[in-house]
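Working notes for the structure below.
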Amino acid sequence: MATQKILLLPGDGIGPEVMGEVRRAIEWMNSQGLTSFEVEEGLVGGAAYDAHGLSISEDDMARAMAADAVLFGAVGGPKWDDVPYDVRPEAGLLRLRKDMELFANLRPAICFGALAEASSLKKELVEGLDILIVRELTGGVYFGEPKEIIELENGQRRGIDTQVYDTYEIERIAAAAFDIARTRDNRVCSMEKRNVMKSGVLWNEVVTEVHKRDYQDVELTHMLADAGGMQLVRAPKQFDVIVTDNLFGDMLSDVAAMLTGSLGMLPSASLGAADANGKRKSLYEPVHGSAPDIAGNGIANPIAMLSSLAMCLRYSFNMGDVADKLEGAITSVLDKGLRTGDIMQDGMTKVSTSQMGRAVVEEMATN
Ligand code: NAD
């Protein structure tokens, strides 16, 4: 098996605590010959600022660019609230996303049977839920120009953001969504607002063209994004892959996240364009932040981070079987009643970060 390089960027707060469990899982998978990962570690966020006065050093940036995949913990915390804007902890993550050109953000919403009661929706609506939101991450209204607040002659002020998408941006996110759908239930629902936005009209046309040209085997449907939001809370299990722009994706993925319960359970992936060999630059991270309120106590839930590793196995290394094994182990551990504090329920066994991580690895070893 060819050796592949993974760069770990644990970051701040609970980042290093949950990343420790990823390290444990990788060590076990390597020892079993399931993977052959060479692991490097770097600094990002406040940890990088303390060491270098930057949110990520050029050295670590170069290592991220050269790695086969990057696993990112979390950044930020009150300690760095007053550092200069350019070197604030979040700038490290933004720099990684920009330089690696990570235009596709993948947010799965999976509801584990054992946690279905924790959802804000009825258990039967979310039990067995497994959907994936593919959000365009580098374009649209968050980046479009002009972006400003101007003074008007009548004394009023005007805030302006510009929603803008070019054909190539829609083509590549649509292609990413169709490719991923082929590894799942083979269905894509594209969401925009073509009834009131020109960028929505173009989005709809381009997604339809890409589908017709290259992906006719995948089922494609279209939905207005507001109706999509409604359907996500009415009958979320109707979806497989949802592809949408930066703004709608931001909101719809947060709505989908809450269907599943705790922040400590949610992984994500950000992918770049495929090169000639089909290889994409990639960064995997839990959705949660650095949780300064619980950092240092060894009680953070490592499942979002471990599930991010499972996404890495699946999307960067085409190791769906090993990803299934890891995700299956997480499901079993939850079924056996092990819970970190954030997902604790009556009658269950409360465990620490490392106890949860160890239990997942033991479960992988016995199945
Ligand atoms: P947060 O996600 O860090 O925490 C929100 C709440 O969820 C807290 O009560 C926390 O204890 C809990 N929580 C989060 N992850 C958990 C886990 N794995 N296990 C158990 N409980 C968990 O969000 P916040 O409090 O708004 O932000 C804290 C810091 O994190 C800020 O500095 C913020 O800027 C940063 N942040 C970073 C990222 C990132 O690195 N991608 C994302 C969001 C926030």
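Residue numbers for the sequence shown follow this note's numbering, beginning at -10 and rising by one.
For glycine and all other residues, C-beta sits at the position ideal for the given N, C-alpha and C.
Residue i and residue j closer than 8 Å at C-beta
{"i": "E274", "j": "F101", "result": "no"}
{"i": "M212", "j": "C178", "result": "yes"}
{"i": "A289", "j": "V322", "result": "no"}
{"i": "S259", "j": "L91", "result": "yes"}
{"i": "Q(-7)", "j": "F306", "result": "yes"}
{"i": "A63", "j": "I(-5)", "result": "no"}
{"i": "A312", "j": "I3", "result": "no"}
{"i": "E10", "j": "G346", "result": "yes"}
{"i": "V123", "j": "I231", "result": "yes"}
{"i": "S242", "j": "R96", "result": "yes"}
{"i": "L126", "j": "R86", "result": "yes"}
{"i": "P225", "j": "L118", "result": "yes"}
{"i": "N193", "j": "E181", "result": "yes"}
{"i": "H277", "j": "G253", "result": "yes"}
{"i": "W362", "j": "V340", "result": "The chain is shown from -10 up to 356; residue 362 falls before or after that span and cannot be answered."}
{"i": "G81", "j": "I120", "result": "no"}
{"i": "G133", "j": "T151", "result": "yes"}
{"i": "V7", "j": "T342", "result": "yes"}
Residue i: first and last residue of the uninterrupted alpha helix (DSSP H) it sits in
{"i": "V311", "result": "G309 to D324"}
{"i": "P78", "result": "P78 to D88"}
{"i": "E6", "result": "G4 to S20"}
{"i": "G238", "result": "N235 to M247"}
Three-way DSSP call (helix, strand, coil) for residue i in this model
{"i": "Q(-7)", "result": "strand"}
{"i": "N184", "result": "coil"}
{"i": "S279", "result": "coil"}
{"i": "D261", "result": "Per the sequence shown, residue 261 should be read as Gly rather than Asp. Three-state result, G261: strand."}
{"i": "R303", "result": "helix"}
{"i": "A107", "result": "helix"}
{"i": "L32", "result": "coil"}
{"i": "S46", "result": "coil"}
{"i": "F26", "result": "strand"}
{"i": "Y204", "result": "coil"}
{"i": "L95", "result": "strand"}
{"i": "I288", "result": "coil"}
{"i": "S271", "result": "strand"}
{"i": "V72", "result": "coil"}
{"i": "T156", "result": "helix"}
{"i": "S297", "result": "helix"}
{"i": "T338", "result": "strand"}
Exposure of residue i, with buried meaning 16 or more beta-carbon neighbours within 10 Å
{"i": "R357", "result": "The chain is shown from -10 up to 356; residue 357 falls before or after that span and cannot be answered."}
{"i": "M54", "result": "exposed"}
{"i": "G0", "result": "buried"}
{"i": "D234", "result": "buried"}
{"i": "E137", "result": "exposed"}
{"i": "M294", "result": "buried"}
{"i": "N356", "result": "exposed"}
{"i": "D324", "result": "exposed"}
{"i": "N94", "result": "buried"}
{"i": "G144", "result": "exposed"}
{"i": "Y38", "result": "buried"}
Cβ-heavy atom distance, residue i to the ligand NAD, below 7 Å
{"i": "T249", "result": "no"}
{"i": "V244", "result": "no"}
{"i": "G31", "result": "no"}
{"i": "N290", "result": "yes"}
{"i": "D239", "result": "no"}
{"i": "E351", "result": "no"}
{"i": "T156", "result": "no"}
{"i": "S367", "result": "Since the first residue shown for the chain is -10 and the last is 356, residue 367 is missing from the structure and cannot be characterised."}
{"i": "A80", "result": "no"}
{"i": "D39", "result": "no"}
{"i": "I3", "result": "yes"}
{"i": "T329", "result": "yes"}
{"i": "G65", "result": "yes"}
{"i": "I169", "result": "no"}
{"i": "L252", "result": "yes"}
{"i": "D282", "result": "yes"}
{"i": "V115", "result": "no"}
{"i": "A293", "result": "yes"}
{"i": "V28", "result": "no"}
{"i": "G22", "result": "no"}
Opening and closing residue of the beta strand (DSSP E) in which residue i lies
{"i": "H211", "result": "E208 to L213"}
{"i": "D119", "result": "D119 to E125"}
{"i": "A63", "result": "A58 to A63"}
{"i": "E137", "result": "E137 to E140"}
{"i": "V403", "result": "What is shown of the chain runs -10 to 356, which leaves residue 403 out entirely."}
{"i": "R147", "result": "R146 to I149"}
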